[in-house]
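In what follows, a single structure is set out as structure tokens and then discussed.
What follows is the structure, given as structure tokens:
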């Protein structure tokens, strides 16, 4: 198994969780008051899942030194 398979599985699981939460929020009884703790908790969890998906799907810049080994000279380009 490759590590990418695990990341793909995590993205799929998070997408499923986000959809289930969205369905639960959509079906939540109205009216919703601003102090409804359960509703606010659902919104918070949906935001957390969305942020986690964003992190998994965003490329990260990893800077590398121009000199890979101390004393090896300057990398040519």
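Residue numbers (my numbering): 1 to 77. Even for Gly, the Cβ is constructed at its ideal location relative to N, Cα and C. This structure is a prediction, so every number in the text was calculated from the model and none was measured.
Within 10 angstroms of the Cβ of residue i, are there 16 or more other Cβ atoms? Answer buried if so, exposed if not.
{"i": "residue 49", "result": "buried"}
Would you kindly report the start and end of the unbroken alpha helix (DSSP H) that includes residue i?
{"i": "residue 30", "result": "Element bounds for residue 30: n/a, residue is neither H nor E."}
{"i": "residue 46", "result": "37-57"}
For residue i, which of helix, strand or coil comes out of DSSP?
{"i": "residue 62", "result": "coil"}
{"i": "residue 8", "result": "helix"}
{"i": "residue 18", "result": "helix"}
{"i": "residue 26", "result": "helix"}
key: Cβ contact check for the segment 44-60 and the segment 20-28: 3 or more pairs under 8 Å   = yes
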